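J.: Residue numbers for the sequence shown follow UniProt numbering, beginning at 1 and rising by one. Yeah, the Cβ is synthetic: ideal placement off N, Cα and C, and Gly gets one too. Since the model is a prediction, treat every value here as computed from it, not as a measurement. Let me give you the structure first, and then I'll get to my questions.
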Amino acid sequence: MTTTEHEAPGAAGTEPEVLVDVQGVKVHFPIKAGVILDRVIGYVYAVDGVDLTIHKGETYGLVGESGCGKSTLGRAILNLEPPTDGKVIFDGVDIASLKGEALRTKRQDIQMVFQDPLSSLDPRQSVESLLVEGMQAHGLAKNAKEARPRLRELLKAVGLPVQALSKYPHEFSGGQRQRIGIARALSVNPKLIVADEPVSALDVSVQAQVINLLEDLQEEYGLTYLVVAHDLAVVRHISDRIGVMYLGSLVEEAAAADLYAQPLHPYTRALLSAVPIPDPDVEDSREQILLTGDLPSPSNPPSGCRFHTRCPWRQETRCDDERPQLRVVAIDGVVEGHRVACHWAEQIESGELQPHAVKAIAIDPSASDTLGGDLMGPASLTEAL
Ligand SMILES: Nc1ncnc2c1ncn2[C@@H]1O[C@H](COP(=O)(O)OP(=O)(O)OP(=O)(O)O)[C@@H](O)[C@H]1O
1 MTTTEHEAPG
11 AAGTEPEVLV
21 DVQGVKVHFP
31 IKAGVILDRV
41 IGYVYAVDGV
51 DLTIHKGETY
61 GLVGESGCGK
71 STLGRAILNL
81 EPPTDGKVIF
91 DGVDIASLKG
101 EALRTKRQDI
111 QMVFQDPLSS
121 LDPRQSVESL
131 LVEGMQAHGL
141 AKNAKEARPR
151 LRELLKAVGL
161 PVQALSKYPH
171 EFSGGQRQRI
181 GIARALSVNP
191 KLIVADEPVS
201 ALDVSVQAQV
211 INLLEDLQEE
221 YGLTYLVVAH
231 DLAVVRHISD
241 RIGVMYLGSL
251 VEEAAAADLY
261 AQPLHPYTRA
271 LLSAVPIPDP
281 DVEDSREQIL
291 LTGDLPSPSN
301 PPSGCRFHTR
311 CPWRQETRCD
321 DERPQLRVVA
331 IDGVVEGHRV
341 ACHWAEQIES
351 GELQPHAVKA
361 IAIDPSASDT
371 LGGDLMGPAS
381 LTEAL
C-alpha cells in the first residue's frame with residue numbers, strides 16, 4: 001500500500017472512533033544533585049503538554065529528532081512512564097486509575113515492538129518459550145502444549161517456519177528477530193501496538209519487508225499502531241496521520257499525504273526540505289531551508305515558541321514570548337484536521353512572510369547535519385516499498 005492508497009478510518013465522513021486520547025500529557029524527569037542525590041536542581045521537560053488522539057484501526061506516526069520526547073510519550077501511553085501531568089484515556093478508561101487485575105488486563109491490550117529485537121528478546125529462551133510467556137501471564141494458555149496451535153498460527157502470520165519454535169534469538173537474522181518480536185506482541189491479542197523505531201536497526205531491503213508485514217497484520221487483526229520513528233520515509237509510508245514533535249511538544253499534525261504535500265510548521269518544512277527527492281529535475285529546482293543553531297536542551301527549553309531559536313521565520317517579539325497553541329488551520333478555506341503550533345502559519349503559507357535563510361539545495365549527503373540530527377529518509381526505502 002502507498003500513502004495515497006491509505007484512507008484514514010473515518011475519512012469517508014463518519015466520525016472515527018477514538019482508541020487513545022492523550023490529554024495535556026507532561027513527563028518531567030527530575031535532575032538530582034547532592035551526595036545521595038537528594039536535591040532536585042531542575043527538570044528535563046521530555047514531554048511538555050501533548051494532546052493527541054489515535055483512532056481505532058489507524059496508524060499514527062510520531063516523528064522528530066533524537067531527544068524530542070517521542071519514546072517518552074510512547075512509554076507514557078503504555079503507562080510505563082506515569083505522566084507528571086495530564087492523562088491518557090485508553091478505550092474510554094484512564095489508565096493511571098487502574099490497579100492490579102484491571103491494569104494487567106488493560107496492559108494486554110497495549111503491546112510494544114522495540115527497535116532492537118536482540119536486546120528485547122531473552123537470549124536464553126527459545127522462541128516457543130518467548131511466545132508462550134505472555135500468553136501464560138495473561139491466562140491465554142496454561143502451557144506450551146496448549147498454546148501450540150496458536151503459536152503455529154502466529155509464526156505463519158509473521159512469515160516464519162514452525163521449526164523456529166525450538167530455536168533461540170541468536171540463530172536468526174535481524175529481520176527474522178523483529179518478526180519474532182512482532183509475533184510476541186501479537187500473541188496476547190492486543191488492540192494497540194506501540195512500535196518504537198521498529199525498523200531502524202535493519203537493512204533498507206529488510207525494512208521494507210517488515211513494514212509491509214506490519215501493514216498486512218493490521219488489516220488481518222484490525223490493529224491500531226503508534227509508530228515512533230526519526231525516519232520520515234518509514235513514517236510516511238506506513239502512517240494514516242503524522243504528528244511532528246519538537247522539544248517535548250507536538251508542532252504539527254495532519255493526514256500523512258497532507259503533511260507531505262503542504263507542511264505548515266517551519267520545522268516540518270525544514271525537515272522535508274532536507275529529504276532528497278529521487279527525481280533530479282525536482283531536486284534541482286527546489287530550495288532547502290537551513291536551520292541555524294543546535295537543538296536546545298530539554299532541561300532548558302527556550303521561552304515562547306520552543307522553535308524560535310532556530311526558526312527562519314521568527315518574528316520579534318511574539319515568537320520569543322508567546323507559546324503557540326496547536327490549532328486547526330484551514331487550507332484554502334477547507335478545515336481538514338491539519339493542526340499546527342505556529343503564530344504565523346497562514347502568513348508563511350501565503351508568502352506574506354519570507355524566511356531569513358533559504359538556499360538553493362545542493363545534492364549533499366551531509367545535508368541532514370543542518371538539522372542537527374539524522375532525519376533523512378533514505379530514498380531507496382521509498383523505492384523498495
Ligand atoms: N528516565 C529518564 N530520566 C531522565 N531523562 C530522561 C529519561 N528518559 C529520557 N530522558 C530524556 O528525555 C528527553 C527525551 O527522551 P526520549 O528518549 O523520549 O526522546 P526520543 O525523541 O525518543 O529520542 P531517541 O530517538 O534518541 O530515543 C531526552 O533529553 C532524554 O535524555
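1) Identify whether residue 223 lies in helix, strand or coil by the three-state DSSP scheme.
2) Is residue 237 buried or exposed, if buried means 16 or more other CB atoms sit within 10 Å of its CB?
3) Does residue 191 pass the burial test, meaning 16 or more other C-beta atoms within 10 Å, or should it be called exposed?
4) Would you kindly report the start and end of the unbroken alpha helix (DSSP H) that includes residue 42?
5) Any heavy atom of ligand 1 closer than 8 Å to the beta-carbon of residue 47?
6) Near ligand 1, which residues have their beta-carbon less than 6 Å from any of its heavy atoms, given in chain order?
7) Helix, strand or coil: which one does DSSP assign to residue 33?
8) Which class does residue 20 belong to by DSSP, given the choice of helix, strand or coil?
9) Only counting runs of 3 or more residues, tell me where the beta strand (DSSP E) segments fall wholly within the stretch 130–205, in order along the chain.
10) Among 214, 296, 219, 90, whose alpha-carbon lies nearest the alpha-carbon of residue 227?
11) Are the stretch 172–185 and the stretch 127–142 in contact at 8 Å, needing three or more beta carbon pairs?
12) How is the beta strand (DSSP E) around residue 244 delimited, first residue to last?
13) Does the stretch 141–151 come within contact of the stretch 219–235, defined as at least 3 CB pairs closer than 8 Å?
14) Pull up the CB-CB distance for residue 165 and residue 120, whole angstroms please, since I reckon it's below 8 Å.
15) What residue from 115, 72, 140, 31 has the CA that sits closest to residue 105's CA?
16) Report the rounded CA-to-CA distance for residue 264 versus residue 311, giving the unit in angstroms.
17) Tell me the residue span of the beta strand (DSSP E) that contains residue 341.
18) If you draw a straight line from the alpha carbon of residue 88 to that of residue 313, how long is it in whole angstroms?
19) For the alpha helix (DSSP H) containing residue 238, name the first residue and the last one.
20) With DSSP run on the structure shown, which of helix, strand or coil describes residue 208?
21) Just checking: is the beta-carbon of residue 135 within a distance shorter than 9 Å of some beta-carbon in chain D?
22) Express the C-alpha separation of residue 247 and residue 69 in angstroms, rounding to a whole number.
23) When you compare the stretch 61–76 with the stretch 22–42, are there three or more beta-carbon pairs, one atom per stretch, that lie closer than 8 Å?
24) Along the chain, which unbroken stretches of the alpha helix (DSSP H) at least 4 residues long are found entirely within the stretch 45–120?
25) Which value, in whole angstroms, describes the spacing of the CA atoms of residue 33 and residue 156?
26) Per DSSP, residue 253 forms a beta bridge with which residues?
27) Classify residue 198: buried if its beta carbon has 16 or more other beta carbons within 10 angstroms, exposed otherwise.
28) What's the gap between the Cα of residue 321 and the Cα of residue 303?
29) Run through DSSP, which three-state label would residue 269 get?
30) Starting from residue 319 and walking both ways along the alpha helix (DSSP H), at which residues does that stretch end?
31) Quick check on this structure: which residue in 90, 84, 180 has the alpha carbon closest to the alpha carbon of residue 129?
32) Do residue 252 and residue 339 count as a contact pair if the criterion is CB distance below 9 Å?
33) Please state whether DSSP places residue 25 in a helix, a strand or coil.
34) Just confirm the distance between the C-beta atoms of residue 159 and residue 206, as a whole number of angstroms; I'd bet it's less than 8 Å.
35) Comparing alpha-carbon positions, which option in 102, 77, 100 lies nearest residue 90?
36) Put residue 287 into one of helix, strand or coil per three-state DSSP.
T.: In brief:
1) coil
2) Residue environment analysis places residue 237 among the buried positions, since at least 16 neighbouring C-beta atoms fall within 10 angstroms of its C-beta.
3) buried
4) That residue, residue 42, is in no alpha helix (DSSP H); its beta strand (DSSP E) goes 39–55.
5) Flag set: Cβ of residue 47 near ligand 1.
6) 29, 44, 46, 64, 66, 67, 68, 69, 70, 71, 72, 230, 298
7) strand
8) strand
9) 192–196
10) 214
11) yes
12) First-last of the beta strand (DSSP E) with residue 244: 241–246.
13) no
14) With a contact defined as Cβ atoms closer than 8 Å, residue 165 and residue 120 miss out at about 19 Å.
15) Proximity to residue 105 across 115, 72, 140, 31 peaks at 140, based on C-alpha coordinates.
16) 13 Å
17) That residue, residue 341, is in no beta strand (DSSP E); it is neither H nor E in DSSP.
18) Computed Cα separation, rounded: 34 Å.
19) 232–238
20) helix
21) Absent from the structure is chain D; it holds one protein chain and no more.
22) Whole-angstrom Cα-Cα distance: 7 Å.
23) Touching, yes, given that three or more Cβ pairs across the two stretches are closer than 8 Å.
24) 70–77, 100–109, 117–120
25) 52 Å
26) Note: residue 253 sits in a beta bridge opposite 243, 339.
27) buried
28) Inter-residue distance for residue 321 and residue 303 is about 6 Å (C-alpha atoms, whole angstroms).
29) In the structure shown, residue 269 sits in a helix (DSSP, three-state: H, G or I).
30) For residue 319, the enclosing alpha helix (DSSP H) covers residues 318–321.
31) When each option's Cα is compared against that of residue 129, the closest is 180.
32) yes
33) strand
34) Rounded, the Cβ-Cβ distance is 12 Å, inconsistent with contact.
35) Residue 90 has its Cα closest to that of 77, out of 102, 77, 100.
36) strand
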